[in-house]
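Student: First, the structure itself, so that you have it in front of you.
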Amino acid sequence: MSADEHLDPIPDSFILQPPVFHPVVPYVTTIFGGLYAGKMVMLQGVVPLRARRFQVDFQCGCCLHPRPDIAFHFNPRLYTVKPHVICNTLQGGLWQKEVRWPGVALQRGASFLILFLFENEEVKVSVNGQHFLHYRYRLPLSRVDTLGIFGDILVKAVGFLNTNPFVEGNREYPVGYPFLLSSPRLEVPCSRTLPRGLWPGQVIVVRGLVLQEPKDFTLSLRDGATHVPVTLRASFTDRTLAWVSSWGRKKLISAPFLFYPQRFFEVLLLCQEGGLKLALNGQGLGATSLDQKALEQLRELRISGSVHLYCVHY
70 MSADEHLDPI PDSFILQPPV FHPVVPYVTT IFGGLYAGKM VMLQGVVPLR ARRFQVDFQC
130 GCCLHPRPDI AFHFNPRLYT VKPHVICNTL QGGLWQKEVR WPGVALQRGA SFLILFLFEN
190 EEVKVSVNGQ HFLHYRYRLP LSRVDTLGIF GDILVKAVGF LNTNPFVEGN REYPVGYPFL
250 LSSPRLEVPC SRTLPRGLWP GQVIVVRGLV LQEPKDFTLS LRDGATHVPV TLRASFTDRT
310 LAWVSSWGRK KLISAPFLFY PQRFFEVLLL CQEGGLKLAL NGQGLGATSL DQKALEQLRE
370 LRISGSVHLY CVHY
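Last residue of the sequence shown: 383 in this note's numbering, with the numbers rising by one and none dropped.
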């Protein structure tokens with residue numbers, strides 16, 4: 070793709086909303102692009118020691134009067150003899166029949182990571198990596214465009230993600246990797262050791278934010294001899310993304326360029342027999358070839374360039 074070629078408008082599903090850190094509760098925000106099957110919302114925080122209750126509402130609008138419809142109301146109640154979670158839907162100012170789930174899988178004074186996974190017919194909720202409940206939609210998911218968080222809760226981060234496109238039919242329950250704030254392990258350039266190389270089925274996850282005035286972004290995999298068999302490089306001068314081989318040959322990736330200033334991104338690399346599959350922001354973008362021996366000999370993941378990292382997992 071040449072620098073003067075024009076790309077089609079980027080689909081909403083390609084654009085990931087930047088995470089929000091330490092928002093003040095009550096907190097209400099627009100969900101960019103709304104909700105759709107395959108979208109995830111991740112909530113990371115702490116339950117105060119004297120917490121009584123809090124709620125997370127996925128709303129159809131954000132007006133105060135009249136009160137907007139709420140497609141999914143998630144309401145842990147910690148003050149009762151038997152703590153529980155209430156789920157419900159508000160339509161036309163009236164609450165429908167509530168669903169009560171025993172237990173809350175949350176502890177006062179403890180950190181938590183709640184993942185809301187929106188599917189075609191229902192939303193699934195996991196707490197600290199364990200499935201907790203599911204709730205069937207009573208209003209169209211397409212109407213939801215606002216997130217509201219209220220009550221006794223300290224929020225560290227709110228993330229908006231897409232499911233892993235490499236899992237066929239989304240049979241596998243997604244894992245919510247927490248955002249790390251101000252971690253020295255995520256300073257750029259960032260290096261991670263791969264003591265066993267890469268093997269089929271392993272997924273590398275890199276999440277971050279492009280800086281205000283970006284110059285370059287590179288993700289490279291190196292072997293024990295310091296050779297670089299494969300590199301993923303984003304060029305900000307001509308707005309292209311390419312695989313770069315160890316001898317410098319470029320293979321352009323045909324996709325909308327997503328690495329714009331102050332834009333959040335997620336890179337997934339799936340190791341498979343014969344190479345690596347790439348996904349950006351939950352959208353599969355093909356693969357690059359690399360034989361199994363070369364994959365097993367990889368010993369280092371290195372990330373450099375004009376980005377701020379929030380998560381590196383493999």
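Beta carbons: idealized from backbone N, C-alpha and C, even for Gly.
Is it true that the stretch 360-380 meets the stretch 274-294, where meeting means three or more beta-carbon pairs spaced less than 8 Å apart?
Tutor: Yes, since at least three Cβ pairs between the stretch 360-380 and the stretch 274-294 fall closer than 8 Å, the two stretches touch.
Student: Is it true that the CB of residue 215 sits closer than 9 Å to the CB of residue 97?
Tutor: Counting from one through the sequence shown, the residue named residue 97 turns up at place 28. Counting from one through the sequence shown, the residue named residue 215 turns up at place 146. Cβ distance < 9 Å, so residue 97 and residue 215 count as in contact.
Student: Between which two residues does the beta strand (DSSP E) containing residue 335 stretch?
Tutor: Counted from its first residue, the sequence shown places residue 335 at position 266. 333-341 is the extent of the beta strand (DSSP E) around residue 335.
Student: Since residue 122 and residue 148 should fall inside the 8 Å C-beta cutoff, what is the C-beta to C-beta distance between them, to a whole number of angstroms?
Tutor: Numbered from 1 along the sequence shown, position 53 holds the residue referred to as residue 122. Numbered from 1 along the sequence shown, position 79 holds the residue referred to as residue 148. Between residue 148 and residue 122 the Cβ distance is about 6 Å, and since that is below 8 Å, they are a contact.
Student: Ignore the nearest five residues each way along the sequence and tell me which others in residue 220's own chain have a CB closer than 6 Å to its CB.
Tutor: As a first step, residue 220 must be located in the sequence shown, where it is residue number 151. For residue 220, where only same-chain residues beyond five positions count, the Cβ hits under 6 Å are 122, 123 and 124.
Student: Which residues mark the beginning and the end of the alpha helix (DSSP H) in which residue 320 is found?
Tutor: In the sequence shown, residue 320 corresponds to position 251, counting from 1. Careful: residue 320 lies outside any alpha helix (DSSP H), inside the beta strand (DSSP E) at 319-321.
Student: At what residues does the beta strand (DSSP E) containing residue 346 begin and finish?
Tutor: Within the sequence shown, residue 346 is the residue found at index 277, counting from 1. 344-349 is the span of the beta strand (DSSP E), which, as asked, contains residue 346.
Student: If distances are taken between C-alpha atoms only, which option among 136, 196, 155 and 369 comes closest to residue 179?
Tutor: For the purposes of this step, residue 179 is identified with residue 110 of the sequence shown, where counting begins at 1. Residue 196 is the option with its Cα nearest to residue 179.
Student: To which residues of the same chain is residue 288 closer than 6 Å at the C-beta, ignoring the five residues directly before and after it?
Tutor: For this step, residue 288 is matched to residue 219 along the sequence shown. So the qualifying residues of the chain are 301 and 372.
Student: So, helix, strand or coil for residue 303, using DSSP?
Tutor: Mapped onto the sequence shown, residue 303 falls at position 234. Three-state result, residue 303: strand.
Student: For the candidate residues 135, 188 and 349, whose alpha-carbon lies nearest to that of residue 275?
Tutor: What you label residue 275 is simply residue 206 of the sequence shown in a count that begins at 1. Out of 135, 188 and 349, 349 has the C-alpha closest to the C-alpha of residue 275.
Student: At what residues does the alpha helix (DSSP H) containing residue 363 begin and finish?
Tutor: Start at 1 with the first residue of the sequence shown, and residue 363 comes out as number 294. Residues 361-365.
Student: Are residue 383 and residue 271 closer than 9 Å when you measure CB to CB?
Tutor: In the sequence shown, the residue the question calls residue 383 occupies position 314. In the sequence shown, the residue the question calls residue 271 occupies position 202. Closer than 9 Å, so yes.
Student: Leaving out five residues on either side along the sequence, give the residues of the same chain with a beta carbon under 6 Å from the beta carbon of residue 189.
Tutor: Within the sequence shown, numbered from 1, the residue matching residue 189 stands at position 120. Contacts found: 106.
Student: Using the C-alpha atoms, what's the distance from residue 152 back to residue 120?
Tutor: In the sequence shown, residue 120 corresponds to position 51, counting from 1. In the sequence shown, residue 152 corresponds to position 83, counting from 1. Cα-Cα distance, rounded: 12 Å.
Student: Could you compute how far the alpha carbon of residue 318 sits from the alpha carbon of residue 358?
Tutor: The residue given as residue 318 occupies position 249 in the sequence shown. The residue given as residue 358 occupies position 289 in the sequence shown. Cα to Cα, residue 318 sits roughly 13 Å from residue 358.
Student: Rounded to a whole number of angstroms, what is the C-alpha to C-alpha distance between residue 267 and residue 347?
Tutor: The count along the sequence shown starts at 1 and reaches residue 267 at position 198. The count along the sequence shown starts at 1 and reaches residue 347 at position 278. Each residue's alpha carbon lies about 15 Å from the other.
Student: I think residue 128 touches residue 213, with their Cβ atoms under 8 Å apart; what is that distance to the nearest whole Å?
Tutor: Looking up residue 128 in the sequence shown gives position 59. Looking up residue 213 in the sequence shown gives position 144. Yes, residue 128 and residue 213 are in contact; Cβ-Cβ is about 7 Å, under 8 Å.
Student: Based on Cα-Cα distance, which residue from 381, 155, 186 and 137 lies nearest to residue 162?
Tutor: In the sequence shown, counting from the first residue as 1, residue 162 sits at position 93. Looking at the Cα atoms, 137 is the closest of the given residues.
Student: Would you decide whether residue 166 is buried or exposed? Buried here means 16 or more other CB atoms lie within 10 Å of its CB.
Tutor: Within the sequence shown, the letter at position 97 stands for residue 166. So residue 166 counts as exposed.
Student: Starting from the Cα of residue 175, find the closest Cα among 139, 223 and 131 and give me that residue.
Tutor: Here residue 175 refers to the residue found at position 106 when the sequence shown is read from its first residue. Minimum Cα distance to residue 175 is reached at 223.
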